[in-house]
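S.K.:
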Amino acid sequence: MLDSPRLRDFVFWTAVAILLIPASPYDSVSEEIREEKLDQRFSHSSGSVDTPSWKINDRWVYDGELDVYDFIASSGVSTNVNTLTGTLDVQVTDVLQIDIGGIQTIAYEATGQGDYRADNI
125 MLDSPRLRDF
135 VFWTAVAILL
145 IPASPYDSVS
155 EEIREEKLDQ
165 RFSHSSGSVD
175 TPSWKINDRW
185 VYDGELDVYD
195 FIASSGVSTN
205 VNTLTGTLDV
215 QVTDVLQIDI
225 GGIQTIAYEA
235 TGQGDYRADN
245 I
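So the number in the numbering used here is just where the residue sits in the sequence shown, counting from 1, plus 124.
Written out as structure tokens, the structure is:
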């Protein structure tokens, strides 16, 4: 069936082309993804890596619980309170550059204020 040299060459080069076609786009796509990840990781001009981009007055609120059982038990006070529930409001108050091991690093100063309460007191 593949007695003809032309047919044999055609089949060979067709097979090579079929095998190479998926490799080329995959390499370029994976290279683009790799470059995009590097751009995201090294996006700060100060040379910092993987730092958040917070600004002064950025603010966020956490809902949460505080387990106070051990603290209360060690104080000698008798109570049935085990957990306090509430919110913690955090705000960025300053953005600094500090030296850590000879490398200028972005640091954030933040303050927080919490309001936690217990039921049935």
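Backbone N, C-alpha and C define an ideal beta-carbon position, used for all residues, glycine too.
Tell me, which residues are paired with I227 by DSSP?
M.R.: According to DSSP, which records beta bridges pairwise, I227 is partnered with I224.
S.K.: Given this structure, state the Cα-to-Cα distance separating G200 from R241, to the nearest angstrom.
M.R.: Whole-angstrom Cα-Cα distance: 20 Å.
S.K.: Please state if the CB of G188 and the CB of T217 are separated by a distance shorter than 9 Å.
M.R.: No, Cβ-Cβ distance for T217 and G188 is not below 9 Å.
S.K.: Might you give, ordered along the chain, the residues of its own chain that have their beta carbon closer than 8 Å to the beta carbon of R183, omitting 5 neighbours on each side?
M.R.: If we look at R183 and ignore the five residues flanking it on each side, its Cβ neighbours are D213, V214, Q215, V216.
S.K.: Helix, strand or coil for D243, going by three-state DSSP, please let me know.
M.R.: It is coil, neither helix nor strand.
S.K.: When DSSP builds the beta bridges, which residues end up paired with V219?
M.R.: For V219, which the question treats as bridged, DSSP gives the partners Y232.
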